[in-house]
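Quick note on full-length UniProt numbering: the sequence shown kicks off at 1 and runs consecutively.
We put the beta carbon where it would ideally sit given N, CA and C, even for glycine.
Model, not experiment: these values are computed from the prediction.
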Amino acid sequence: MANILLAVTGSISAYKAADITSQLTKLGHQLKVIMTPAATAFITPLTLQVLSKNPVGLDVMIEEDPQRIEHIDIGKETDLFLVAPASANTIAKLAMGLADNMVTSTALALPQETKKILAPAMNTKMLEHPATQRNLKLLQDYGYQIIQPRYATLACGDQGAGALASIETILTTIQESLS
């Protein structure tokens, strides 16, 4: 099975990371989780630690093991990098090559051959904004596979594209990418 690194960002859909983590672990994958500070407002790192059976990476400036540079080393051990949910903010940072948290620093340090999947989740207007569309295109050019968000009634009450893709769609995309 694969070594998968799940990056969770600040979106109301972050709670679904628990199901993604649980399902991938049940499928036999080795899973590590990293989070942006905003993601921790939506789901606790402890939940994802218990489900993944691994510590959750939170702060790029805290190195527990002096023999490792975590955001560099974790990428070397990763077969597939999944950002789910991917907020507009993190998408913009990834597209611009910013590295100001554990998720963006790790993403920038990934080997080029690492498979990368992004599952956006945000308000429809944010998703449709030309800047977000440009950033998604840039990330595709950088080798990211984009899982299109669903059309649904969003947390804000609006209806439109922007809901995180179904867990089944995300799992199928991962399996196809790994085969």
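### Task
Would you kindly check if the distance between the Cβ of Tyr144 and the Cβ of Ile117 is under 8 Å?
Contact: yes.
### Message
Excluding the 5 residues flanking His71 on each side, which residues of the same chain have their C-beta closer than 7 Å to its C-beta?
### Response
Here the set comprises Val60, Met102, Ser105, Thr106 and Ala109.
### Query
residue 252 bridges to which residues according to DSSP?
Here the chain has residues from 1 to 179 only, and residue 252 is not among them.
### Environment of Thr78 [buried if 16+ CB atoms lie within 10 Å]
Result: buried.
### Collapsed DSSP secondary structure at Thr106 in the structure displayed
If DSSP states are grouped into helix, strand and coil, Thr106 belongs with the helices.
### Query
Taking DSSP as the reference, what is the three-state secondary structure of Thr153?
The three-state secondary structure of Thr153, taken from DSSP, is strand.
### Query
In the structure shown, what three-state DSSP assignment does Ile12 receive?
Correct three-state label for Ile12: helix.
### Query
What's the gap between the Cα of Thr44 and the Cα of Ser22?
CA-to-CA, the gap between Thr44 and Ser22 works out to about 15 Å.
### Task
Have a look at Val50 and Leu138 and give me their C-alpha separation to the nearest angstrom.
About 35 Å.
#### Entry: Nearest-angstrom beta carbon gap, Ile170 and Asn135 [assumed within contact, 8 Å]
Between Asn135 and Ile170 a beta carbon distance of about 20 Å is seen, past the 8 Å cut, so the two are scored as non-contacting.
### Query
Which whole-angstrom value is the C-beta distance of Asp158 and Thr124, which I expect to be below 8 Å?
Between the beta-carbon of Asp158 and that of Thr124 there is about 6 Å, and that keeps the pair under the 8 Å contact cut.
### Message
Please give me, in chain order, every unbroken run of the alpha helix (DSSP H) with length at least 4 that falls completely inside the stretch 84 to 145.
### Response
Runs found: 88 to 96, 102 to 109, 124 to 128 and 130 to 141.
### Task
Apply the 10 Å Cβ neighbour rule to Thr172 and answer buried if 16 or more other Cβ atoms are within range, or exposed otherwise.
It is exposed - the Cβ of Thr172 has fewer than 16 other Cβ atoms within 10 Å.
#### Entry: Close Cβ partners of His29 (< 6 Å) along its chain, the five nearest in sequence each way excluded
For His29, the CB contacts under 6 Å within the same chain, skipping 5 residues up- and downstream, are Met1, Ala2 and Ile4 in chain order.
### Message
What residue range does the beta strand (DSSP E) around Gln49 cover?
### Response
First-last for Gln49: Pro45 to Ser52, but that is the alpha helix (DSSP H), not the beta strand (DSSP E).
### Query
Which residue's Cα is closest to the Cα of Gly10: Gln67, Ser52 and Asn89?
Nearest C-alpha to Gly10: Asn89.
### Query
What residue range is occupied by the uninterrupted beta strand (DSSP E) comprising Gln159?
Annotation: the continuous beta strand (DSSP E) that includes Gln159 extends over Gln159 to Ala163.
#### Entry: CB-CB length for Gln148 against Ala165, believed under 8 Å
Contact between Gln148 and Ala165 holds, with the beta-carbon distance rounding to 7 Å and staying under 8 Å.
### Task
Could you tell me the distance, in whole angstroms, from the CA atom of Ile146 to the CA atom of Glu168?
C-alpha separation (whole angstroms): 15 Å.
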